[in-house]
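Counting the sequence shown from 1 gives a position; my numbering is that position plus 330.
Notes for the one structure printed next.
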Amino acid sequence: MACFLMVGNSWRIGALFSRSGVTAAAEIAEANGTLLATEEINASGGVLGRPLEPVFHDPGCSAEQYRDLAVRLLTKENIKTIFGCYMSTARKSVLPEIEAYRGLLFYPTFYEGFEYSKRCFYTGSSSNQNAVQLARYLIENFGTRILLVGSNYVFPYEYNRVVTDLVVRANSSIVAELYVPVDPVRKDFDRVIKQIRNLKPDVVVSTVVGTGAIMLYEAYKEAGFDSSVVPIASLTTTEAEVAQMSPEVVAGHLTSASFFETLDTPQAKKFVSAFKKRFGADAPVTASAEAAYFQVHLYAKALALAGTDDPDAIAARLPGLEFDAPQGPVRIDPDNHHTELWSSIGRINDAGKFDIVWRSETRIKPDPYFVTTSLNDWKVSHHRPRLQA
């Protein structure tokens, strides 16, 4: 059956994802997820007979460029809703402009929490949807002495504060907390490697982003550390970063995420197949790419219900809205504009792919202010997880 779209009368949306700079690989994956969703929606007839028209800009991983391009989209290009941002510095730069111009922001990246805006919807995981699960898994499986290393910006500091609280409550210890520049050079990791060698932690927890993550893992391998005994565990090392390293460098390390491209469910496999068919067999499918994908579908559902792209009308329709995402059914929490998500832990195998070693049996309600969460909230199984469709 043919689909007839009013092409000259499209719903225009903005997309701010970097194609250059320190986190470009991860943001390209997010841009791909955004584009795939818009193409699927348009192939199915668009929204109320009108296609979505994404307008992409490359901020080059510059917080100032994110802000300036957001203003351009909201004013000169008369676009009301923006999808994008990766690092929290970018989101925090864009959000005041979104609020000033009464727009709407969809943010698909895992982040530290401790934020709310009535004009932002957060579709990436917050700390209670990944930090708790990862901390418990590490303590139960590797030991109680943890070294933290992160990039020098807001997300690693806030995330490490949460992890420290969880670890201390579990009668475990943080042996060191180290930071490197956001855009580092290799020698910035010499001090990190020296501290790991001297302090002998049971596990290293990394929030180093982008090209810095690659330098960390390569330095760790060159130093002779055994990842099967003392792994690096991370939220920020995704399929996008892994794809830029050789398998022997990353094998044995762990990541906590709401989605992995190896998730063995029909919905996940259908999504990954479509993604790689569209963008190439080697295109990494990350948790943030999956969030970037399903948030466009959530927007389209809200747009259809509202019958207008007015941000206030869209925002009124989103709370409580559900979508059958590749990770499983997700829902916008009416209390805080965050998303009820699934939680998984993956360990990188010798082929450079994630083996899922644990997955939550239900989706997890977001608690971005970390009010009620404790380490005992989630039992981690040592056995093969029962995956949910």
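Idealized CB from N, CA, C, for every residue including glycine.
Predicted model only: the values in this text are computed from it and were never measured.
(request) Using the Cα positions of Ala274 and Leu628, report the straight-line distance between them to the nearest angstrom. (result) This structure cannot speak to residue 274, because the chain is shown only from 331 to 719.
(request) Could you give the DSSP three-state label for His712: helix, strand or coil? (result) Residue numbering aside, residue 712 sits at position 382 when the sequence shown is read from its first letter. With a pLDDT of 34 at His712, under the threshold of 50, the modelled position of this residue cannot be trusted; read the value that follows with caution. Coil, per DSSP.
(request) Would you identify the three-state DSSP class for Thr494, choosing helix, strand or coil? (result) For the purposes of this step, residue 494 is identified with residue 164 of the sequence shown, where counting begins at 1. If DSSP states are grouped into helix, strand and coil, Thr494 belongs with the helices.
(request) Check Pro426 in the structure and name its three-state DSSP category. (result) The sequence position of residue 426 within the sequence shown is 96, counting from 1. Secondary structure at Pro426: helix, using DSSP grouped into helix, strand and coil.
(request) Would you tell me roughly how many angstroms separate the C-alpha atoms of Pro438 and Tyr396, rounded to the nearest one? (result) Indexing the sequence shown from 1 puts residue 438 at position 108. Indexing the sequence shown from 1 puts residue 396 at position 66. Straight-line Cα distance between these residues: approximately 15 Å.
(message) I need the DSSP call for Pro577, collapsed to helix, strand or coil.
(response) The residue labelled residue 577 in the question sits at position 247 within the sequence shown. Helix.
(message) Given this structure, state the Cα-to-Cα distance separating Leu435 from Lys410, to the nearest angstrom.
(response) Along the sequence shown, read from residue 1 onward, the residue named residue 435 stands at position 105. Along the sequence shown, read from residue 1 onward, the residue named residue 410 stands at position 80. The alpha-carbon atoms of Leu435 and Lys410 are separated by roughly 9 Å.
(message) Using CA atoms only, rank isn't needed, just tell me which of Gln597, Pro531, Met417 is closest to Val539.
(response) Counting from one through the sequence shown, the residue named residue 539 turns up at place 209. If we check each option's Cα against that of Val539, Met417 comes out closest.
(message) If you reduce the DSSP assignment to three classes, tell me which class Leu717 lands in.
(response) For the purposes of this step, residue 717 is identified with residue 387 of the sequence shown, where counting begins at 1. Note that Leu717 scores 33 on pLDDT, short of 50, meaning its location in the model is unreliable; the coordinates nonetheless yield the value given after this. Three-state result, Leu717: coil.
(request) Check the C-beta distance from Ala553 over to Glu571 and give it rounded, since I have them as a contact under 8 Å. (result) Residue mapping note: residue 553 aligns to position 223 of the sequence shown, counting from 1. Residue mapping note: residue 571 aligns to position 241 of the sequence shown, counting from 1. About 19 Å separates the two Cβ atoms, so there is no contact after all.
(request) Find the nearest neighbour of Phe609 within the set Gly363, Thr692, Ser350, Phe485, judged by alpha-carbon distance. (result) Working through the sequence shown from its first residue, we reach residue 609 at position 279. Nearest of Gly363, Thr692, Ser350, Phe485 to Phe609, Cα basis: Gly363.
(message) Can you confirm whether the region 653–670 touches the region 385–401 when touching is taken to mean that 3 or more C-beta pairs between the two stretches lie within less than 8 Å?
(response) Verdict: no, contact absent.
(message) What does the Cβ neighbour count give for Asp388, buried or exposed, with the cut at 16 atoms within 10 Å?
(response) What you label residue 388 is simply residue 58 of the sequence shown in a count that begins at 1. Answer is buried; the Cβ neighbour count reaches 16.
(message) Short of 7 Å in beta carbon distance, which residues of its chain neighbour Leu529, apart from the five on each side in sequence? Order them along the chain.
(response) Numbered from 1 along the sequence shown, position 199 holds the residue referred to as residue 529. Within the same chain, Leu529 has close Cβ partners Leu477, Val505, Ala506.
(request) Note down the Cα distance separating Ser536 from Pro514, rounded to an integer number of angstroms. (result) For the purposes of this step, residue 536 is taken as residue 206 along the sequence shown, with counting starting at 1. For the purposes of this step, residue 514 is taken as residue 184 along the sequence shown, with counting starting at 1. Rounded to the nearest angstrom, the two C-alpha atoms are 14 Å apart.
(request) Buried or exposed for Thr566, please, with buried defined as at least 16 other CB atoms from any protein chain shown within 10 angstroms of its CB. (result) To locate residue 566, count along the sequence shown from 1; it is residue 236. So Thr566 ends up on the buried side.
(message) Let's see if you can read the secondary structure: which residues bound the beta strand (DSSP E) around His387?
(response) Counting from 1 along the sequence shown, the entry for residue 387 is found at position 57. Residues 382–387.
(message) Going by C-alpha to C-alpha distance, which of Ala361, Pro384, Arg380, Asn372 sits closest to Gly344?
(response) To locate residue 344, count along the sequence shown from 1; it is residue 14. Relative to Gly344, the option among Ala361, Pro384, Arg380, Asn372 whose CA is nearest is Pro384.
(request) Identify, in the order they occur along the chain, each residue of the same chain with its Cβ nearer than 6 Å to the Cβ of Gln532, setting aside the five sequence neighbours on each side. (result) Locating residue 532 in the sequence shown gives position 202, counting from the first residue. According to the sequence as given, residue 532 is Asp; it is not Gln. Only Phe472, Gly473, Arg475 meet the Cβ criterion.
(message) Using the three-state DSSP reduction, which class does Tyr396 fall into: helix, strand or coil?
(response) Numbered from its first residue, the sequence shown carries residue 396 at position 66. If DSSP states are grouped into helix, strand and coil, Tyr396 belongs with the helices.
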